[in-house]
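Engineer: The following block contains the structure, expressed as structure tokens.
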Amino acid sequence: MVRKLRVRAIYNRTEMQFAPHILYTRHDDPFVDGVVMEREGKPPREIKLASFKLAGLTGLTLTTERFEPQAVFNPAEPRYEGCKLSMLKLEPTAVSAD
């Protein structure tokens, strides 16, 4: 996350590439929330934040593709309050109106 590099992984038998935005625990299980950039080699129809239980991610590979923090991620969301690893998070950037 700190290096802002995408991660390639398989989740629920689906190959994907995502931009990790926060690592945290929920009910003592580690999770990562990120924006899916590719699913089965294709870009998503819309940009949205997804939650992944770390135990369900296999074949984790760091890519060389960089990403910018997405505005769909809000580190102040109530679901992140009290999370043990919430210090590993990105701050969203402003979206341009191009």
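Using our numbering, you'd call the opening residue of the sequence shown number -15 and step up by one each time.
Just so it is clear, CB atoms sit at the ideal spot from N, CA and C, and this is done for glycine as well.
The structure displayed is predicted, hence computed values, not measured ones.
#1: For A39, which of helix, strand or coil comes out of DSSP?
#2: Here's a check: name, in chain order, each residue in its chain whose Cβ is nearer than 6 Å to the Cβ of G40, leaving out the five neighbours to either side.
#3: Just verifying my parser: in three-state terms, what is the DSSP assignment at F2?
#4: Counting along the chain, where does the beta strand (DSSP E) carrying I(-6) start and finish?
#5: Go through its chain and collect everything with a Cβ distance to Q1's Cβ below 6 Å, but skip five positions before and after it.
Structural biologist: Reading it off the structure:
#1: Residue mapping note: residue 39 aligns to position 55 of the sequence shown, counting from 1. Looking at A39 - three-state DSSP - the assignment turns out to be helix.
#2: On the sequence shown, residue 40 is found 56 positions in, with the first residue counted as 1. Contacts found: Y(-5).
#3: Counted from its first residue, the sequence shown places residue 2 at position 18. Reduced to three states, the DSSP call for F2 is strand.
#4: Looking up residue -6 in the sequence shown gives position 10. First-last of the beta strand (DSSP E) with I(-6): -11 to -5.
#5: The count along the sequence shown starts at 1 and reaches residue 1 at position 17. Answer for Q1: R(-10), R(-8), M21, E22, listed in chain order.
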